[in-house]
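For reference, the structure discussed in these notes is given below.
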Amino acid sequence: MKKEGDRDSGLGIRENKDNPSPESRTPNPEPRTPNPEPRTPMLEPNRQGEVWVFAEQEDGALHDVALELCGKARELADRLGVSTGAVLPGAGVGEMAKKLFAYGIDNVYLVDHPRLSHYQTLPYARALETLIGKHRPQIVIVGATAIGRDLAPRVASTLRAGLTADCTALDISDVTDPKTSVEHKNLLLQIRPAFGGNIIATIVNFDQWPQMATVREGVMPLKSPTNNRTGKVVEEKVEIDDTAMALKLIQRHVEKRKVNLKGARVIVAGGGGIGSRDNFKLIYDLAGAIGGAVGASRAAIDGGLIDKDHQVGQTGTTVRPALYIAVGISGAIQHRAGMEESAKIIAINTDRDAPIFSVAHYGIVGDYKQIIPMMIKAIKEKK
Amino acid sequence: MAYDSIVCVKQVPDTANVTTEAMREDGTVNRGSLPTVFNPEDLHALESALAVRDEYGGTVTVISMGPPKAADVLRDSLFRGADRAILLTDRRAAASDTLATSYILSQAIKTIDRYDFIFCGRQAIDGDTAQVGPQCAEKLGIPQITYLHEMVSIQDHVARVRRSIGHGWEIVEAKLPVLITVIESANRSRPPSARRVMRMKWARVHAEVAMEVKAEMPEGAEEQLAAETERRVQELREKGLLIEQWDLDHIQADLSRCGLAGSPTKVHRIQAIVLTKEGYTEVQPSETGIKELIHELVVDRTWG
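Chains A and B, in that order, are what the protein sequence lines are.
So the first sequence is numbered by our numbering: it starts at -9 and just counts up by one.
So the second sequence is numbered by our numbering: it starts at 173 and just counts up by one.
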């Protein structure tokens, strides 16, 4: 390792004497830009276009968020009077179409290709871009998973379309452009918290369509499937040449989710107010007594009090348990966005003005270290 | 074998500590009143680039798009070891969404021309979109590797990295050049070096010098101010303390793809978060109060 400071000779690298001479530097790799300009030209708004979902699948199963989005797509499509579509890229995934029909999809665009066996940015982007260019949906919704957040921006960039990340609500409305006074009919309202959750922004896309948005898992409720519902499978051929195979997958390691927050009937969640990892034991104790899972706010994760798997909120898991007990959580909008649909919410906080109380059904102002033992005692007496 | 890196960094409002004074009555945010910070994940992107340079040789160039004040994060990058810093500042770039921003950044990167790696933080804390990295890669026509957790090896222009995929990880290989977005777990970012701070604390971009001159000579005539600015800029340049400042013309940007005009997403409405104190049932923090609460939960079948 070179010592830091060895290179202190100026700001511009050109004056930097310690830099290797231009001759000894790595040659400029060629070709750098196989195709820098978008392959697909900008698309005109297509008002009869379908409402599409990216049907994310991995290891033989559709991702929950894809099914959640099918329900939302159905609702939006019904309001617009158009059909729903799902893009299903993969290898040997044709069987999954039935499930997509059951959750509200009319047309499944199946791209079955051996090069799509595992998710990779470029081949998947190629599939999605090609089909969007061909069928011109008016709306494309993608789950804001590790995969969706890698894929959607790449596709939107190629299409030069707008993309709004992590929407917490999607709606349809007429919107007048204040600049041109033109009224645009039936636009997709893309609603999301912004600015660290201090504001809620509604984003629209007047004319550079499709209107694209990502949505976190759990934000849209999973509708119950209609198992005998049918639709059409449209088999699509997409060319995935070597240029799309720029990355080589060497090894892949998938862990089972250790914490099942989404399936829990009761969640006891701790926040920054818990103070230390040791104190978090009380949260576990209460969860154990009441038979619930342990959740946490971002402040608790950032403070190193508990692992990220437990995070509830806009950037973690969105949950809707029968009972949510928030302990020492101030209740930033990102956290509230991830739990406010819970059937019953109990908030415990020393600060009477903490925003968490605004979504609570029951509030206890006081020190959790005294309150939790009392709760455990009361629970044990009821059992 | 040496490798050249470009790091995209952003100065962001410290959204973790937004006070009520920062909110205007109409619900919009008064960015000027907020303290600013180096976007946290961008520090890890910078560290990734510095680590590559330290091990293999090469250079680290840092670019930031923003107002003149964003030169703060460039100075900070220089203090931490960057070789070169460039501020992209232009009023015509204001109100750019992620698509327009990535177009502008990609034009700047094309202007820098020489690179093996581009490192970006995964996302910025003021928007949390994580879109600009992948969109830059697309505009440059190069592959992207998101969520860098560990740089495994670099050999003969092939990088092998471990990336986080949320519920696990994968190791992938890419031929350079490649754009990599970096998450916090990738490394521990080095602090500014005292020696470099001493030497470069007066480094400025042109626009900052102009503002300083205007503040010192409020009564000065236009020509006088311009002349004094030029004199100081020349002095900084001779000392190697002038941070490069580029505008949209310098990077040959198509103006129809920049700023509001180049942004397909438009903000239709902004609402401040108004907390409605809807009535919740206050439970007394006493044995009796809590017993009643648990009883109620059982009665309404929430629990038990």
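Don't be surprised by glycine CBs; every beta carbon is placed ideally from N, CA and C.
Whole-Å CB distance - residue i paired with residue j, under 8 Å assumed
i       : j       : result
T340(A) : G353(A) : With a Cβ gap of about 12 Å, T340(A) and G353(A) do not count as contacting.
H300(A) : G285(A) : 5 Å
C189(A) : G261(A) : Residue identity differs from the one stated: residue 189(A) is Ile in this sequence, not Cys. At roughly 22 Å, the Cβ-Cβ gap does not stay under 8 Å, so I189(A) and G261(A) are not in contact.
L239(A) : H108(A) : 6 Å
M202(A) : G152(A) : 6 Å
A316(A) : I346(A) : 5 Å
L250(B) : M372(B) : 5 Å
F44(A)  : V77(A)  : 6 Å
I230(A) : P143(A) : I230(A) to P143(A), Cβ: 20 Å. No contact.
Where residue i meets chain B, residues with beta-carbon distance less than 8 Å
i       : result
D156(A) : D300 and T301
V355(A) : E454 and P457
Q360(A) : P457
R144(A) : P306, Q307, A309, E310 and Q316
Contact set between residue i and chain A, taken where Cβ atoms lie within less than 9 Å
i       : result
A444(B) : N188, I189 and I190
Cutoff 7 Å: residue i Cβ touching any chain B Cβ
i       : result
A312(A) : yes
K334(A) : yes
K252(A) : no
T233(A) : no
N18(A)  : For N18(A), the predicted model reports a pLDDT of 44, less than 50, meaning its position is unreliable and no value from the coordinates is stated.
K370(A) : no
M364(A) : yes
N25(A)  : Unreliable positioning characterises N25(A) in this predicted model, as indicated by a pLDDT of 44, which lies under 50. The coordinate reading is nonetheless provided below. By this cut-off, N25(A) is an interface position.
F347(A) : yes
V136(A) : At residue 136(A) the sequence reads Ala, which differs from the Val that was named. Yes, contact with chain B.
Contact list for residue i against chain A, beta-carbon separation under 8 Å
i       : result
G340(B) : R242, H243, V244 and E245
R360(B) : In chain order: nothing, as chain A lies at least about 14 Å away.
Interface partners of residue i on chain B, CB under 7 Å
i       : result
R139(A) : A302
H351(A) : Y452 and T453
R37(A)  : Per Cβ cutoff of 7 Å: no residues; R37(A) is ~17 Å from chain B at best.
M329(A) : Those within 7 Å of M329(A) in chain B number zero; the least Cβ separation is about 15 Å.
Cβ of residue i within 7 Å of any chain A Cβ
i       : result
L215(B) : no
W475(B) : yes
T318(B) : yes
Q406(B) : no
P390(B) : no
K182(B) : no
T187(B) : yes
P436(B) : yes
H440(B) : yes
L465(B) : yes
V377(B) : no
Beta-carbon proximity list for residue i, same chain, < 8 Å, skipping 5 on both sides
i       : result
S361(B) : L215, H216, L218, E219 and R252
E459(B) : none
E330(A) : V349
V455(B) : G461, I462, E464 and L465
E388(B) : none
R294(B) : E213, A302, G305, T318, Y319, T353, V354 and I355
Neighbourhood of residue i by C-beta, 7 Å cutoff - its chain only, sequence neighbours within 5 removed
i       : result
S268(B) : I276, C430, G431, G434 and S435
R264(B) : L420, L427, C430 and G431
V531(B) : Since the first and last residues shown for chain B are 173 and 476, residue 531(B) lies out of range.
I137(A) : E46 and Y109
V256(A) : I280, G281, G282, P311, A312 and L313
R335(B) : I317, T318, Y319, L320, H321, W341, E342 and V344
V165(A) : H174, L177 and V194
Own chain, CB closer than 6 Å to residue i, minus 5 neighbours either side, in chain order
i       : result
T318(B) : T353
V223(A) : A87, V98 and L100
A117(A) : P79, V101 and V228
A155(A) : T204
T283(B) : I423
I362(A) : L272 and L276
I336(A) : I315 and Y352
Contact set between residue i and chain B, taken where Cβ atoms lie within less than 9 Å
i       : result
I300(A) : The residue asked about is misnamed: residue 300(A) is His in this sequence, not Ile. What H300(A) touches in chain B: nothing, since even the nearest Cβ is about 14 Å away.
A236(A) : I314, P315, A346, K347 and V350
I162(A) : What I162(A) touches in chain B: nothing, since even the nearest Cβ is about 13 Å away.
Cross-chain neighbours of residue i in chain A, by beta carbon under 7 Å
i       : result
S274(B) : S147
P239(B) : Under the 7 Å cutoff, chain A gives no residues; its nearest Cβ is about 17 Å from P239(B).
T208(B) : Simply none; closest approach about 13 Å.
L277(B) : Per Cβ cutoff of 7 Å: no residues; L277(B) is ~12 Å from chain A at best.
Exercise for review: Taking only runs that begin and end inside the segment 136 to 190 of chain A, name each unbroken beta strand (DSSP E) of 3 or more residues, in chain order.
Suggested key: 153 to 157, 159 to 166 and 173 to 184
Point to revise | Minimum length 4: unbroken alpha helix (DSSP H) runs contained in the segment 283 to 333 of chain A | key: 288 to 292 and 323 to 327
Practice item. Quick one: which unbroken beta strand (DSSP E) runs of 3-plus residues sit fully inside the segment 240 to 268 of chain B? Chain order, please. Key: 256 to 260
Exercise for review: Any chance you could list the alpha helix (DSSP H) runs of at least 4 consecutive residues sitting entirely within the segment 388 to 458 of chain B, in chain order?
Suggested key: 394 to 411
Review point. Hey, which unbroken runs of the alpha helix (DSSP H) at 4 residues or more fall wholly within the segment 34 to 71 of chain A?
Key: 54 to 70
Check your understanding: Of all the alpha helix (DSSP H) runs that stay within the bounds of the segment 190 to 215 of chain A, which reach a length of 4 or more residues?
Key -> none
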